[in-house]
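Trainee: Please read through the structure below; I'll follow up with questions.
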Amino acid sequence: MNTDISAVLAKRIRKRASEIFPETVSLRREIHLHPELSYEEVRTTALIIDYLRKIGIEPESPFLETGVVALIRGEGSDCGKRSLIALRADIDALPVTEENSHGFCSAEPGKMHACGHDMHTAMLLGAAKLIMEFRSELRGDVLLIFQPAEEKAPGGARPLIEAGLFWRFKPDAILGQHCFPSVETGKVALSKGSFMAATDELYFTVHGQGGHASAPHKAADPVLGAAHIITAVQHLVSRVAPPHEPAVVSIASIHGGNAPNVIPSTVTMSGTMRTMNESLRAKLKERLRETVTCTARALGVEAELEIRTGYPVLVNDPEVTEEAETFCREFLGERNVLQSESLMTAEDFAYYLQEVPGTFWQIGTGTGSAEGGNTLHSATFNPEERALETGTGLLAYAAFRFFM
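Counting along the sequence shown from 1, when you hit position 118 you're at 118 in this note's numbering, and nothing is skipped either side.
Listed below in structure tokens is the structure:
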């Protein structure tokens, strides 16, 4: 690749990304004002369709009830052997009540874009605008995927694929990005191979025999049983998972009883399990069931465990990731491209990567730390909007650069 050509392209796209920054801010704030939960993104879908049509892009016939897929056909000469790259953004919000004080807080009680999907959507819309402006130089086609329901299993990626997304379109690669307040604005962080964890939801029910708290010997105490189960399952990570294999088992909620002097008959709990490979995932599931059943029996109660399978491990294709790192360095500068460690968070972008080689990177939206409550999924999550300029330009540049 001629470095002079790529440098000129990067400069032009950076300039336009800066010039349309107020427009992408406006888009982001409109989406942020009206967050919609998974599978309910009707207003957001309409906003995306209206904007795409305004810039000359006609959306494809819908695959799902919400979300948008659209194709930009390149008009450049000398098309390379790869003909299609996909860019994805997620569009749903979380059931969180916002606690920020800026002038565009959520107008929907109990709903908030606390994970940056409003940012992702605005960035991809901005990138679409830039791609259309330079389409005469685009040497391939670009597939835009505005995906619903990333936050709620089974997510929107798998239903999109099952509805025929990759039967109708066959991308050579797919790219995605996610806001991270722990990465400074203006920087990105990438990782080859296993990047984000597989996730499974755990639901426990402990059955006993209720009774008076003054006579526990006459009851079968599910609270005590639940306490021992919590302790026992914590040992699985240190005694089943190899020391070099990341794994997490966390019990995040427990409910039982409603009086200080009454032993209840039932206790329920829920939690999560995170793993970075499928063999360990299967082994931990097996040992979890054994541990729960046997621990309960030893305490004179019974327990049931429901494991709801969540998203798979997100595995970034090494070759595509290496290419993306090159594009990022060219566009952002060497010092603004970081190496990310593997994360125990989960993402349904993993389903796309099971079908198409691609990569998913962190885009910085913070000051380099997540202090002060500015963390993902928090009621005070407040990404720096200047990241919109970075993400918009980078997606557009990567699309052009992929074919060069």
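C-beta: ideal position from N, C-alpha, C; glycine also.
Do residue 180 and residue 394 have their C-beta atoms closer together than 9 Å?
Mentor: By one-based count along the sequence shown, residue 180 stands at place 180. By one-based count along the sequence shown, residue 394 stands at place 394. Contact: no.
Trainee: Under the assumption that residue 175 contacts residue 396 (Cβ atoms under 8 Å), give the Cβ distance between them as a whole number of angstroms.
Mentor: As a first step, residue 175 is located in the sequence shown; it is residue number 175 there, counting from the start. As a first step, residue 396 is located in the sequence shown; it is residue number 396 there, counting from the start. Not confirmed; about 11 Å, so no contact.
Trainee: Quick one: give me the first and last residue of the alpha helix (DSSP H) that residue 286 is part of.
Mentor: The residue you call residue 286 lines up with position 286 of the sequence shown. Element bounds for residue 286: 278-298.
Trainee: What first and last residue would you give for the beta strand (DSSP E) that runs through residue 147?
Mentor: On the sequence shown, position 147 is the one that residue 147 refers to. In this chain, the beta strand (DSSP E) harbouring residue 147 covers 141-147.
Trainee: Roughly how many whole angstroms lie between the Cα atoms of residue 55 and residue 46?
Mentor: Translated into positions along the sequence shown, residue 55 becomes position 55. Translated into positions along the sequence shown, residue 46 becomes position 46. For residue 55 and residue 46, the distance between alpha carbons rounds to 15 Å.
Trainee: Out of 75, 83, 43 and 57, state which residue places its alpha-carbon closest to the alpha-carbon of residue 67.
Mentor: Residue numbering aside, residue 67 sits at position 67 when the sequence shown is read from its first letter. With distances taken between Cα atoms, residue 67 lies closest to 43.
Trainee: Output needed for residue 35: all residues of its chain with C-beta closer than 6 Å, excluding positions within five of it in sequence on either side, in chain order.
Mentor: Position 35 of the sequence shown, counted from the first residue, corresponds to residue 35. 93, 106, 108, 111, 112 and 113, listed in sequence order.
Trainee: Using DSSP with H/G/I as helix, E/B as strand and the rest coil, what is residue 405?
Mentor: Any property of residue 405 remains undetermined from this structure, which presents the chain solely from 1 to 404.
Trainee: Could you check if residue 258 is buried or exposed, using at least 16 other CB atoms within 10 Å of its CB as the buried criterion?
Mentor: As a position in the sequence shown, residue 258 is number 258, starting the count at 1. Classification of residue 258: exposed, given that the 10 Å Cβ count is below 16.
Trainee: Mind checking who residue 251 pairs with in its DSSP beta bridge?
Mentor: If you number the sequence shown from 1, residue 251 lands on position 251. Answer by DSSP bridge pairing, in chain order: 271.
Trainee: Below 7 Å CB to CB, which residues in the same chain sit around residue 16 once its five sequence neighbours on both sides are set aside?
Mentor: To locate residue 16, count along the sequence shown from 1; it is residue 16. Same-chain partners within the cutoff: 130 and 133.
Trainee: Assuming residue 185 contacts residue 310 (C-beta within less than 8 Å), just tell me the rounded distance between them.
Mentor: As a first step, residue 185 is located in the sequence shown; it is residue number 185 there, counting from the start. As a first step, residue 310 is located in the sequence shown; it is residue number 310 there, counting from the start. Rounded, the Cβ-Cβ distance is 30 Å, inconsistent with contact.
Trainee: In the DSSP assignment, find the unbroken beta strand (DSSP E) run with residue 178 in it and report its ends.
Mentor: By one-based count along the sequence shown, residue 178 stands at place 178. Segment 173-184, the beta strand (DSSP E) holding residue 178.
Trainee: Buried or exposed for residue 297, please, with buried defined as at least 16 other CB atoms from any protein chain shown within 10 angstroms of its CB.
Mentor: Indexing the sequence shown from 1 puts residue 297 at position 297. Exposed, by the Cβ-count rule.
Trainee: Smallest Cα separation from residue 306: which of 269, 336, 321 and 26?
Mentor: If you number the sequence shown from 1, residue 306 lands on position 306. Checked all of 269, 336, 321 and 26; the closest Cα to residue 306 is 269.
Trainee: By the DSSP assignment, the beta strand (DSSP E) with residue 207 in it spans what residues?
Mentor: As a position in the sequence shown, residue 207 is number 207, starting the count at 1. Element bounds for residue 207: 198-207.
Trainee: Thinking residue 439 and residue 192 are a contact (beta carbons under 8 Å), I'd like their distance in whole angstroms, please.
Mentor: In the structure as shown, the chain starts at 1 and stops at 404, and residue 439 therefore has no counterpart that could be examined.
Trainee: Relative to the C-alpha of residue 399, which residue among 144, 60 and 200 is closest?
Mentor: As a position in the sequence shown, residue 399 is number 399, starting the count at 1. Closest by alpha carbon: 144.
Trainee: Rank 9, 233, 352 and 293 by C-alpha distance to the C-alpha of residue 161 and give the top, closest one.
Mentor: Taking the sequence shown and counting its residues from 1, one reaches residue 161 at position 161. Per the Cα distances, 352.
Trainee: Beta strand (DSSP E) containing residue 364: first to last residue?
Mentor: Here residue 364 refers to the residue found at position 364 when the sequence shown is read from its first residue. Start and end: 358-366.
Trainee: Let me confirm a value: residue 225 is counted as buried when at least 16 other C-beta atoms fall within 10 Å, else exposed. Which label applies?
Mentor: Residue numbering aside, residue 225 sits at position 225 when the sequence shown is read from its first letter. Its Cβ being crowded by 16 or more others within 10 Å, residue 225 is buried.
Trainee: Please confirm whether residue 340 has its beta-carbon closer than 9 Å to some beta-carbon of chain D.
Mentor: Judged by its chain identifiers, the structure shown contains no chain D, having just a single protein chain.
Trainee: Is the region 281-301 close to the region 235-246, with three or more CB pairs under 8 Å?
Mentor: yes
Trainee: Does residue 320 come out as helix, strand or coil in the three-state DSSP assignment?
Mentor: The residue given as residue 320 occupies position 320 in the sequence shown. DSSP places residue 320 in helix when its eight states are reduced to three.
Trainee: What span of residues does the alpha helix (DSSP H) with residue 229 cover, start to end?
Mentor: Start at 1 with the first residue of the sequence shown, and residue 229 comes out as number 229. Run containing residue 229: 222-239, per the alpha helix (DSSP H) assignment.
Trainee: If you draw a straight line from the C-alpha of residue 74 to the C-alpha of residue 121, how long is it?
Mentor: Along the sequence shown, one-based indexing puts residue 74 at 74. Along the sequence shown, one-based indexing puts residue 121 at 121. If you take the alpha carbons of residue 74 and residue 121, they lie about 22 Å apart.
Trainee: Spatial neighbours of residue 177 within its chain, please: C-beta separation below 8 Å, excluding the five flanking residues on both sides.
Mentor: Looking up residue 177 in the sequence shown gives position 177. Here the set comprises 120, 123, 188, 360, 361, 362, 363, 391, 394 and 395.
Trainee: Mind checking which residues open and close the alpha helix (DSSP H) that includes residue 5?
Mentor: In the sequence shown, counting from the first residue as 1, residue 5 sits at position 5. 3-19 is the span of the alpha helix (DSSP H), which, as asked, contains residue 5.
Trainee: Pull the bridge partners of residue 194 from the DSSP assignment, please.
Mentor: Residue 194 sits at position 194 when you count from the first residue of the sequence shown. Answer is 315, bridged to residue 194.
Trainee: List the endpoints of the continuous beta strand (DSSP E) containing residue 66.
Mentor: Mapped onto the sequence shown, residue 66 falls at position 66. First-last for residue 66: undefined, no H or E at that position.
Trainee: Kindly list the residues whose CB is nearer than 6 Å to the CB of residue 125, restricted to its own chain and excluding five residues on each side of it in sequence; keep chain order.
Mentor: For the purposes of this step, residue 125 is identified with residue 125 of the sequence shown, where counting begins at 1. Contacts found: 27 and 51.
Trainee: Grab the span of the beta strand (DSSP E) containing residue 90 for me, first residue to last.
Mentor: Looking up residue 90 in the sequence shown gives position 90. Where residue 90 is concerned, the enclosing beta strand (DSSP E) stretches over 84-90.
Trainee: Please classify residue 147 as buried or exposed, where buried requires at least 16 other C-beta atoms within 10 Å of its C-beta.
Mentor: What you label residue 147 is simply residue 147 of the sequence shown in a count that begins at 1. Buried, because 16 or more other Cβ atoms sit within 10 Å of the Cβ of residue 147.
Trainee: Using 10 angstroms around the beta-carbon of residue 348, count the other beta-carbons present and answer buried if the total reaches 16, otherwise exposed.
Mentor: Sequence index remark: in the sequence shown, residue 348 carries index 348 (1-based). Buried, because 16 or more other Cβ atoms sit within 10 Å of the Cβ of residue 348.
Trainee: Kindly indicate which residue of 319, 357 and 207 has the alpha-carbon position closest to the one of residue 293.
Mentor: Start at 1 with the first residue of the sequence shown, and residue 293 comes out as number 293. Comparing Cα positions, the closest option is 207.
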